[in-house]
Amino acid sequence: MMLKNQVALITGGGSGIGRETVLLFAKEGASVVVADVNDSTGQEVVEEVKGQGGQANYVYADVAQANHCEEMINAAEDMYGKLTILFNNAGVMCAGDDDAISTDEKTWDYTMNINLKGVFLGCKYGIPALRRAGGGAIINTASFVALMGAATPQLAYTASKGGVLAMTRELAVLHAKENIRINALCPGPLHTKLLMKFLDTEEKKQRRLVHLPMGRFGRADEIAKAALFLASDLSSYMTGSSLTVDGGLTAAYVTAE
5 MMLKNQVALI TGGGSGIGRE TVLLFAKEGA SVVVADVNDS TGQEVVEEVK
55 GQGGQANYVY ADVAQANHCE EMINAAEDMY GKLTILFNNA GVMCAGDDDA
105 ISTDEKTWDY TMNINLKGVF LGCKYGIPAL RRAGGGAIIN TASFVALMGA
155 ATPQLAYTAS KGGVLAMTRE LAVLHAKENI RINALCPGPL HTKLLMKFLD
205 TEEKKQRRLV HLPMGRFGRA DEIAKAALFL ASDLSSYMTG SSLTVDGGLT
255 AAYVTAE
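Residues 5 to 261 (my numbering) make up the sequence shown, in order.
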């Protein structure tokens, strides 16, 4: 029960990393607010939590909309009396996201609005709530692509995640003396629907796997465990950091045969 008496809000909580984190946080004692744009998957994970004896509720929230972000924070406080953990996890990868020449402005703007502006808006309305609670933890989902380049480009996605890292550091410094810890989580490539819909051939998968020292894609539940570490007192002296969970990818120059 590492999160006993804590209240967590998780954006993109209906699927992937978000869903696994909802289940884990609830198991560890947190009351969880699931925010998503997909009502069915959001409600499904809430019912799963309740079926296991946990506490959870769903709110519809498009993180690119300021009023939605303000309302989801207010909903968490109304439901459970406070907010102590905010996981800004919602994100998108677009099929038209390529290099600077090929990526159109619509794809760029859409990606930035959710992946970067969505984190900004979550913090804009979430930080005052954590102040009211006397402190807490914010986790922002970035990516390993914010740390290294790739010849299989998704430029808007990469740039948005780099922005998340920079914003996380600055907010952490600003609010460190308020008992508010703010860290970024940098997952490596995961076996999730979000990525696998792009890696739809064995050739595309192997193009990535050859660079992974562990020789496999990560799992969403493995990232959820890292989020639990950042949300809990186990990371009580960490703020402004980026936790990379990538199977050794960013450490590798040449992998073992």
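For glycine and all other residues, C-beta sits at the position ideal for the given N, C-alpha and C.
None of these values were measured; they are calculated from a predicted model.
> Taking DSSP as the reference, what is the three-state secondary structure of Cys73?
Replying inline: helix
> CB-CB under 7 Å to Asp66, same chain, minus the five flanking residues each way: which ones, in chain order?
Replying inline: Val41 and His72
>> On the criterion of 16 or more Cβ atoms from any shown chain inside 10 Å, does Gly16 qualify as buried, or is it exposed?
In response: buried
> Which of helix, strand or coil does DSSP assign to Asn92?
Replying inline: strand
> In or out: Ser240 buried (at least 16 other Cβ within 10 Å) or exposed?
Replying inline: exposed
> Who are the Cβ neighbours of Pro157 in its own chain at under 7 Å, not counting the five residues just before and after it?
Replying inline: Asp102 and Asp103
> Based on the DSSP output, what are the partners of Ile14 in its beta bridges?
Replying inline: Val38 and Phe91
> For Tyr241, which three-state DSSP category applies?
Replying inline: coil
> From what residue to what residue does the beta strand (DSSP E) around Cys190 run?
Replying inline: Ile184 to Pro191
>> In the DSSP output, what is Thr145 paired with across the bridge?
In response: Leu189
> If you drop the 5 nearest sequence neighbours on each side, which residues of the same chain put their C-beta closer than 8 Å to that of Lys229?
Replying inline: Leu28
> Cα-Cα, which of Ala70, Ala224, Ala30 and Phe124 is closest to Glu51?
Replying inline: Ala30
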